[in-house]
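Asker:
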Amino acid sequence: MQGDVVVFIASRHGGPAYRRVLWRTSEADARKICSDPRTSGRNHMLCWTAQHIDDPEVNRYVRDTGTYAQVLADHHVTVLRSLADTQRRAR
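Quick note on the numbering used here: the sequence shown kicks off at 4 and runs consecutively.
Okay, structure coming up:
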């Protein structure tokens, strides 16, 4: 049985000591997102993991700028959690 995972931005030239998480999704949706060539560039790529997904020391949700909106729509991805959801819960 597949569970929830986080999709994060991995920089090719290093990055912060934490994961820059865009979304929490199902593993099936994360596989679709991360295998799409539009989510990889010269300096970064989107990756997913099921490890430590609820640990705030490891994961920091970052703002979704809409860069991958078409990828999400094309693959009918359901975002389970994002920075906007995290901010709403904090209020």
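Every residue gets a Cβ at the ideal spot worked out from N, C-alpha and C, and that includes glycine.
Can you tell me where the alpha helix (DSSP H) with ILE12 in it begins and where it stops?
Answerer: Premise fails: ILE12 lies in the beta strand (DSSP E), 7-14, not in any alpha helix (DSSP H).
Asker: Any idea if ALA87 is buried or exposed, counting beta-carbon neighbours within 10 angstroms, 16 or more meaning buried?
Answerer: exposed
Asker: Do you know how far the Cα of LEU49 is from the Cα of THR81?
Answerer: In a straight line, the C-alpha of THR81 is about 16 Å away from that of LEU49.
Asker: What separation, rounded to the nearest whole angstrom, lies between the Cα atoms of LEU75 and VAL24?
Answerer: 15 Å
Asker: For ARG31, which residues of its own chain have a beta-carbon under 7 Å away from its beta-carbon, when the five flanking residues on both sides are left out?
Answerer: The sequence shown places Ala at residue 31, not Arg. Taken in chain order, the residues that qualify are GLN5.
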